[in-house]
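**Student:** In the numbering used here, the protein residues as written are 1 to 451. Note that CB positions come from ideal geometry on N, CA and C, so glycine has one too. Pasting a structure here, questions to come.
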Ligand code: SF4
């Protein structure tokens, strides 16, 4: 299997005396095995590198020595600043979900892979891993709220209706932000996985087969992709949101179903759907460039100057000339890190939702007051991985005492509230892995053949 380019360092650095943490988690949020580490961390007098690093080193350095080259630390860009900075400091990699997915298969010498991000990302790495590679997540309760809107038991009954109606003429495209079980559904229908960086390539590939497409789970990425490809949006039908409207509905009750070319599952990301056309115009009117993630609403994306994956957003800013002013519409921790790093290059960055004064409504031309959202809409679930989780995971692994709950196998589902895990076994798991792998490999093939 081919792979993406090697992951380049973010260039993020720790600054002396500047706190590196996003805020502490309550002690009862930790698994029992992790509580001693959390207690020690909470007892540190502050969160500056001077205090945090010696404590972390005392656990992480022995683990690095113990595992040597067989250990790989991974984090997603959306992790709080400290994890992104710390993982790189200890030799790990920070990347978007596409590059993370490939890390086990392109680094066969890495036998112990520790991921600080959400569960579906770890599960995807595990799906493409060899039998002698283990994937661990520092907090198994770190779920993705979008993925939670497309559990297999929600999608399956609707997919069954579609298959009963259209049979082989239906193909499922599963966004990376899905469990392996949903990726397997895509594989079984001849479909593929996609990410925000290659969704247009994958949907284009599917359209060329003259199939109807079920795009799961992000309604907004699906619609933005359709618009990017010049599809007739009247032939793109959005399904009801499974959490708010349930799954007890009949396909034929929806208008436009038979004429539709693409069906959008009704999921969304709460972090990205806060962005509005008014916010985009507010920054543009001030002379700022606006770039935005395609999980945002179509109306905001279409007004922005550019749209793309986290890797696109990072590179777009960091490759801009000094003096540039760019408002970025995506996850808050990511924008905070980007803002910090871009400042070293003389580039000003703001979070798209951080507007503090009156704006004019795009639709009605009425002037309305829009509150600031300085909180920056961080991905709260992803940030359930923090320094005590990283220190604890590595120390427990070194001692051979890591909880089995943190070991991620393809097909695992974990309840984000109770941490109850359901693990597939035997032929169910073998079949699921094989189907999900097929969908992932199709994505890789489509992507790599056009790069
Ligand atoms: S930012 Fe949204 S889509 Fe991404 S992991 Fe968090 S909840 Fe999921």
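Go to residue 442, then tell me how far its beta strand (DSSP E) extends in each direction, as first and last residue.
**Tutor:** No beta strand (DSSP E) contains residue 442, which is instead part of the alpha helix (DSSP H) from 426-450.
**Student:** In the structure shown, what three-state DSSP assignment does residue 207 receive?
**Tutor:** In the three-state reduction of the DSSP assignment, residue 207 falls in the helix class, which pools H, G and I.
**Student:** Could you pull the start and end residues of the beta strand (DSSP E) that residue 63 belongs to?
**Tutor:** Note, residue 63: premise wrong, no beta strand (DSSP E); alpha helix (DSSP H) at 49-67.
**Student:** Going along the chain, which residues put their C-beta within less than 7 Å of some heavy atom in the ligand SF4?
**Tutor:** Every residue passing the under-7 Å Cβ criterion appears here: 78, 118, 144, 145, 146, 147, 177, 269, 270, 271, 272, 295, 331, 379, 381 and 382.
**Student:** Measure the alpha-carbon distance for residue 11 versus residue 312 and round it to whole angstroms.
**Tutor:** 16 Å
**Student:** Let me check understanding here. Comparing Cα to Cα, which of 184, 221, 215 and 186 lies closest to residue 197?
**Tutor:** 221
**Student:** Which same chain residues end up closer than 6 Å to residue 228 when comparing Cβ atoms and leaving out the 5 residues on each side of it in sequence?
**Tutor:** 200
**Student:** Roughly how far, in whole angstroms, is the beta-carbon of residue 452 from the beta-carbon of residue 393, given that I think they are within contact range, below 8 Å?
**Tutor:** In this structure the chain extends from 1 to 451, so residue 452 is not present and cannot be described.
**Student:** Taking the alpha carbon of residue 387 as the point to measure from, which residue in 259, 15, 86 and 144 has its own alpha carbon closest?
**Tutor:** 86
**Student:** Please classify residue 255: is it buried, with 16 or more other beta-carbons within 10 angstroms of its beta-carbon, or exposed?
**Tutor:** exposed
**Student:** Return helix, strand or coil for residue 254, following the three-state DSSP convention.
**Tutor:** coil
**Student:** Given this structure, state the Cα-to-Cα distance separating residue 189 from residue 163, to the nearest angstrom.
**Tutor:** 9 Å
**Student:** Which residue wins for smallest C-alpha separation from residue 101, given the options 67, 284, 288 and 179?
**Tutor:** 179
**Student:** Here's the rule I'm using: 16 or more other beta-carbon atoms within 10 Å means buried, otherwise exposed. How should residue 399 be labelled?
**Tutor:** exposed
**Student:** Classify residue 150 as helix, strand or coil using the three-state DSSP reduction.
**Tutor:** helix
**Student:** Mark residue 369 as exposed unless 16 or more other C-beta atoms lie within 10 angstroms of its C-beta, in which case mark it buried.
**Tutor:** Caution applies to residue 369, whose pLDDT of 48 falls short of 50 and renders its modelled position unreliable; the model cannot decide the point.
**Student:** Around the C-beta of residue 310, are 16 or more other C-beta atoms found within 10 angstroms, so that it is buried, or is it exposed?
**Tutor:** buried
**Student:** Please say whether residue 334 and residue 265 have beta carbons closer to each other than 8 Å?
**Tutor:** no
**Student:** For residue 93, which residues in the same chain have their Cβ closer than 6 Å to its Cβ, ignoring the five residues on either side in sequence?
**Tutor:** 7 and 74
**Student:** Taking all protein chains shown into account, do 16 or more other C-beta atoms lie within 10 angstroms of the C-beta of residue 415, making it buried, or fewer, making it exposed?
**Tutor:** Exposed.
**Student:** Should residue 372 go down as buried or exposed, given a rule of 16 or more other Cβ atoms within 10 Å for buried?
**Tutor:** Because the pLDDT of residue 372 is 46, which lies under 50, any placement of that residue in the model is unreliable, and the number read from its coordinates should be weighed accordingly. Exposed, by the Cβ-count rule.
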